[in-house]
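There are 2 protein chains.
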Amino acid sequence: MGTRYKGAKGEVRALNAFINLVRAAESVVGRLTPVMDEAGLTVSQFGALETLFHLGPMCQRELGAKLLKSGGNVTMIVNNLEKRGLVTRSRSGKDRRRVTVRLTRRGRVLIGRVFPVVLAGIVREMGLLGPAEQEELRRLCRIVGKRERAIGN
Amino acid sequence: MGTRYKGAKGEVRALNAFINLVRAAESVVGRLTPVMDEAGLTVSQFGALETLFHLGPMCQRELGAKLLKSGGNVTMIVNNLEKRGLVTRSRSGKDRRRVTVRLTRRGRVLIGRVFPVVLAGIVREMGLLGPAEQEELRRLCRIVGKRERAIGN
DNA sequence: CCAGAGTCGTTTAATATTAAACGATATGAC
DNA sequence: GTCATATCGTTTAATATTAAACGACTCTGG
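Residue numbers (the working numbering), protein chains in the order written: chain A, 1 to 153; chain B, 1 to 153.
Spelled out as structure tokens, the structure:
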């Protein structure tokens, strides 16, 4: 968004905060993607692998909730990861609607190799702020990002 | 990203700041989209109209730079806005490679109606923070989002 | 003038994303 | 048990997005 808007002080303040928030997120993510590209992973694919890596196996709906992606999209993301042998699908025994997604050995190896590189990038990018500033940024973002976002399916 | 990562203090701090930054941006944008949906505008279309509204006519490349979108995408965004009669294209006289995009009367009316509603939403969302906090968030985001992102075409 | 390099917008192909409709399964009220 | 309702994953159709190749145009240095 442009910054040229002339309005009440409070509006300008909110607008500027908002614009810079969105820009900062896009900017940092954009600078992290080359690492994922090298591994042949999209941001969403990386996110899925990383979630499974750190939180363990889960069903697709849960994964979609973590990634803020629609159900149909999760199906495609998992399809592509499955084709590459990075995850497996298995119907849950107790609730046969649920499909548990699980990292394979290959998937674990891949994300175990890529994640540290991405993490190093995050540390580098956020390192533009001092420790206290990073914590303050986190605090402010948590407040603003508090409420849930509804996503289809 | 999950928050379960166990690592060095600095890494955890950077990761948490990053995660909450991205989530906050997605979250706030997500809560603003219903207004744009009602007007039949995608986020990108809204961004294009808003940019033209506040900064005036400009060529597609410049628009793409503001929106952080690729050249091909700008072509499509402008195509769709043009089809709906919200903007016009015109070849520049002095540099015939350039296409100046300009709001039509209809386009100006539409964005003039929709923008205030979106702005009110932004004020509402950012209002979860006090004035000083909004300014601090802006300051931190500006630092982190400083560098440019390269985009194709 | 002119040749080469660079810029701008478009097209194309591949992928991502969403919403909506659907089939299978589970759950709850009766 | 059975029917109504809800949930989960998939499919489908429409749109968005990017990268790469391309054509038109400009500019620069001779």
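Where is the CB? At the ideal position from N, CA and C, for every residue including glycine.
Any chain B beta carbon closer than 8 angstroms to proline 57(A): no
Bounding residues of the beta strand (DSSP E) (the contiguous stretch that carries leucine 103(B)): 99-103
Identity of the residue in Ser27(A), Ala39(A) and Glu62(A) nearest alanine 106(A) by Cα: Per the sequence presented here, residue 106(A) reads as arginine, with alanine not at that position. It is Ala39(A).
Endpoints, the beta strand (DSSP E) within which arginine 84(B) is located: Note, arginine 84(B): premise wrong, no beta strand (DSSP E); not H, not E.
Proximal chain B residues relative to glutamate 135(A), where beta-carbon distance stays under 9 angstroms: Arg13, Asn16 and Ala17
One or two residues paired with methionine 58(B) in a DSSP bridge: Val101(B)
Backbone CA spacing between glutamate 135(A) and phenylalanine 18(A) [nearest angstrom]: 19 angstroms
Residues bridged to arginine 91(A) (per DSSP): Val99(A)
CB contact check: glycine 2(A) to chain B, cutoff 8 angstroms: Only weak support is given to the placement of glycine 2(A): the predicted model assigns it a pLDDT of 49, under 50, and the value that follows is read from those uncertain coordinates. Closer than 8 angstroms to some Cβ of chain B, the Cβ of glycine 2(A) qualifies, so yes.
Which listed residue (Val35(A), Arg13(A) and Gly10(A)) has its alpha carbon closest to that of valine 118(A): Val35(A)
Alpha carbon of glutamine 45(B) to alpha carbon of proline 116(A), nearest angstrom: 37 angstroms
Within-8 angstroms CB hit, arginine 142(A) to chain B: yes
Contacts that alanine 24(B) makes with chain A (C-beta to C-beta distance below 7 angstroms): Leu21, Cys141, Val144 and Gly145
Own chain partners of leucine 21(A) with C-beta closer than 8 angstroms, once the 5 adjacent residues on each side are dropped: Cys141 and Val144
Glycine 30(B) versus arginine 108(A) - alpha carbon distance: 32 angstroms
Among Asp37(B), Asp95(B) and Glu26(B), the one whose alpha carbon lies nearest that of leucine 68(A): Glu26(B)
Straight-line gap, lysine 66(B) to leucine 55(B) (C-alpha atoms, nearest Å): 10 angstroms
Beta-carbon proximity of valine 114(B) to leucine 41(B), cut-off 8 angstroms: yes
Interface residues of chain B facing arginine 138(A) [CB-CB closer than 7 angstroms]: Asn16, Ala17 and Asn20
Classification of arginine 138(B) by the beta-carbon crowding that lies within 10 angstroms, buried from 16 upward: buried
Test item: CB-CB of leucine 63(B) and threonine 51(B) under 8 angstroms: yes
Exposure label - glycine 10(B); buried when at least 16 CB within 10 Å: exposed
Contacting residues, own chain, Cβ-Cβ under 8 angstroms from glutamate 125(A) (five flanking each side not counted): Val28, Arg31 and Leu32
Proximity winner among Arg84(B), Val74(B) and Gly7(B), relative to threonine 104(B) (alpha-carbon distances): Arg84(B)
Chain-order list of residues whose beta-carbon lies under 6 angstroms from that of arginine 13(B) (same chain, five-residue window excluded): none
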